[in-house]
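Numbering (my numbering), first residue to last: 1 to 345. Each residue gets a CB set at the ideal place from its N, CA and C atoms; glycine is no exception. Just below is one structure, and these are the notes that go with it.
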Amino acid sequence: MQFTVQQLALLASILPTVHSHGFVIGATVGKTWYPGFDIQLAYQANHPKVYGWDTKALDSGFVSPDSFATADIICHKSATPAGLHIPVTAGGQVTLYWSNSWPEGHQGPVLDYLAACPNNDCSTVTKTDLNFAKIDQVGLVSGSSPGYWGEDQLAVANRSWTVTIPSSLAAGAYVLRHEILALHSARSANGAQAYPQCVNLMVSGGGSATVKGASPETFYSATDPGILIDIYNNAAGTYQIPGPTVQAFGGSGGSAPASSTTLVTSVRTTTTTAKATTTTAPAVTTTTTKAATITTTKAATTTTSAAGGSASLYAQCGGQGWTGPTTCASGTCKAQSQYYSQCLP
Numbered sequence: 001m002q003f004t005v006q007q008l009a010l011l012a013s014i015l016p017t018v019h020s021h022g023f024v025i026g027a028t029v030g031k032t033w034y035p036g037f038d039i040q041l042a043y044q045a046n047h048p049k050v051y052g053w054d055t056k057a058l059d060s061g062f063v064s065p066d067s068f069a070t071a072d073i074i075c076h077k078s079a080t081p082a083g084l085h086i087p088v089t090a091g092g093q094v095t096l097y098w099s100n101s102w103p104e105g106h107q108g109p110v111l112d113y114l115a116a117c118p119n120n121d122c123s124t125v126t127k128t129d130l131n132f133a134k135i136d137q138v139g140l141v142s143g144s145s146p147g148y149w150g151e152d153q154l155a156v157a158n159r160s161w162t163v164t165i166p167s168s169l170a171a172g173a174y175v176l177r178h179e180i181l182a183l184h185s186a187r188s189a190n191g192a193q194a195y196p197q198c199v200n201l202m203v204s205g206g207g208s209a210t211v212k213g214a215s216p217e218t219f220y221s222a223t224d225p226g227i228l229i230d231i232y233n234n235a236a237g238t239y240q241i242p243g244p245t246v247q248a249f250g251g252s253g254g255s256a257p258a259s260s261t262t263l264v265t266s267v268r269t270t271t272t273t274a275k276a277t278t279t280t281a282p283a284v285t286t287t288t289t290k291a292a293t294i295t296t297t298k299a300a301t302t303t304t305s306a307a308g309g310s311a312s313l314y315a316q317c318g319g320q321g322w323t324g325p326t327t328c329a330s331g332t333c334k335a336q337s338q339y340y341s342q343c344l345p
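This is the structure in structure tokens:
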């Protein structure tokens, strides 16, 4: 059964609303769709196996700096391994899709890491034993105060992000750790928000390169210049991406954000009436039958409230220079800084 990425976006938009900023609903390799951990599965005692790690992040959805040295920073709160592995060849690409609940105005870097699993199996791994190496990162791309960030690239690409697997990487089972660091409230102590998400991979082909990493519990501290920062008062337009440096893989052809950068101007068009967005992308094939109930072929349109309307839960609702909605459809508009107010429960 063929599904377009527009239909997958529609699926994301009709997921039941939960108190979370967002999560990776799944991934594609080529034209095949691999379901991630739908946060609604947390309410099922024995849910179907998926490719994304389970998490108990059912509240505000992020890991705060005071928990950066705990196991929650590895793959999110109380995360447990996924039961399945996404097959991908070394040098190939994995595109990750965030749920439609991911809000606007959460600028910050996007980071990707890999960790090798023992015995060619990540489904039973102990997460604190995993050593992750950074394979790509996109921080402040251009501009200042707040500027244009990796997270902005993800947002305009229909909340998707493409990761290139190093071509020289040795075959085997790996955990891909994908993370957004939202800095809209990072001017205050403990204000940065980390959103780590993990999926299992089974890499084939490749060479003999191995990952040389460490535990994410050692990656960041609350006072790092890339963690405690006022992005709205950064006239110099500089930013130091936190965490380890990107590991060089000989002959890999690049551990860069792949199509996440080229999608900036080609994936989404925006109207001026209601911030409605329409995307066009290649068809993908689903590997499950659960999603087969969606039969529409109409391109999905995701819509946020027009200026003067109401902002959704966790969306921006105010701040200096803000011209969007200033009331909340759910929750209360609370100031996080001079430049950013957010609808919170």
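Using the rule of at least 16 other Cβ atoms within 10 Å of the residue's Cβ for burial, across every protein chain shown, is N46 buried or exposed?
With a threshold of 16 other beta carbon atoms within 10 Å, N46 falls short and is exposed.
Pairs of beta-carbons, one from the region 206-225 and one from the region 136-156, closer than 8 Å: are there three or more?
No, they do not touch.
Hey, is the region 22-36 in contact with the region 93-100, meaning 3+ C-beta pairs nearer than 8 Å?
Output reads yes: the region 93-100 touches the region 22-36.
Cβ pair count under 8 Å reaching 3, the region 189-196 against the region 158-169:
Contact between the region 189-196 and the region 158-169 is absent, because fewer than three Cβ pairs lie under 8 Å.
A69 versus T124, S221, L41, W53, residue with shortest Cα-Cα distance:
For the residues T124, S221, L41, W53, the minimum Cα distance to A69 belongs to S221.
Alpha-carbon to alpha-carbon, G83 and T326
Distance between the alpha carbons of T326 and G83: 43 Å.
Does DSSP put T218 in a helix, a strand or coil?
Helix, per DSSP.
Output the residue ranges of the beta strand (DSSP E) runs that lie fully inside the region 89-116 and measure 3 residues or longer, sorted by chain position.
Secondary structure remark: continuous beta strand (DSSP E) runs of at least 3 residues inside the region 89-116, in chain order: 93-98, 110-116.
Host beta strand (DSSP E) of I180 (start-end)
Per DSSP, I180 belongs to the beta strand (DSSP E) from 172-182.
Which value, in whole angstroms, describes the spacing of the CA atoms of S101 and T162?
Each residue's alpha carbon lies about 19 Å from the other.
Measure the C-alpha to C-alpha separation of P166 and F249 and round it to an integer number of angstroms.
In this structure, the alpha-carbon of P166 lies about 7 Å from that of F249.
So, with DSSP's three-state summary, where would you put S67?
The DSSP-derived three-state label of S67 is helix.
Cβ-based burial, T323 [other Cβ within 10 Å; buried from 16]
Exposed.
Residue environment, K134, which counts as buried when at least 16 other CB atoms sit within 10 Å:
Buried, because 16 or more other Cβ atoms sit within 10 Å of the Cβ of K134.
I need the DSSP call for A234, collapsed to helix, strand or coil.
First, the residue type needs correcting, since residue 234 is Asn and not Ala in the sequence shown. N234 falls in the coil class under three-state DSSP.
Three-state secondary structure assigned by DSSP to D136:
Residue state, collapsed to three classes: strand.
Which of helix, strand or coil DSSP assigns to Q44:
Assignment of Q44 by DSSP, reduced to helix, strand and coil, places it in the coil class.
Could you tell me if the beta carbon of M202 falls within a distance shorter than 7 Å of some heavy atom in the ligand SAM?
Annotation note on the ligand SAM: not contained in the displayed structure, which lists no ligands.
Cross-strand partners of N200 (DSSP beta bridge):
When beta bridges are read from the DSSP output, N200 appears opposite V175.
Taking all protein chains shown into account, decide if P225 is buried (16 or more other Cβ within 10 angstroms of its Cβ) or exposed.
Classification for P225: exposed.
Whole angstroms are fine: how far does the CA of A235 sit from the CA of L41?
Rounded to whole angstroms, L41 to A235 spans 44 Å at the Cα level.
In three-state DSSP terms, what is A194?
In the structure shown, A194 sits in a strand (DSSP, three-state: E or B).
Pair within 8 Å by beta-carbon distance, A186 and I241:
Not in contact: A186 and I241 (Cβ atoms no closer than 8 Å).
Contact belief for F356 with V50 at Cβ below 8 Å, rounded distance in angstroms:
Here the chain has residues from 1 to 345 only, and residue 356 is not among them.
Opposite G52 in the DSSP bridges: which residues?
Beta-bridge partners assigned by DSSP to G52: V199.
Under 8 Å between C-beta atoms of C75 and W98
Against a cut-off of 8 Å, the Cβ pair of W98 and C75 comes out as no contact.
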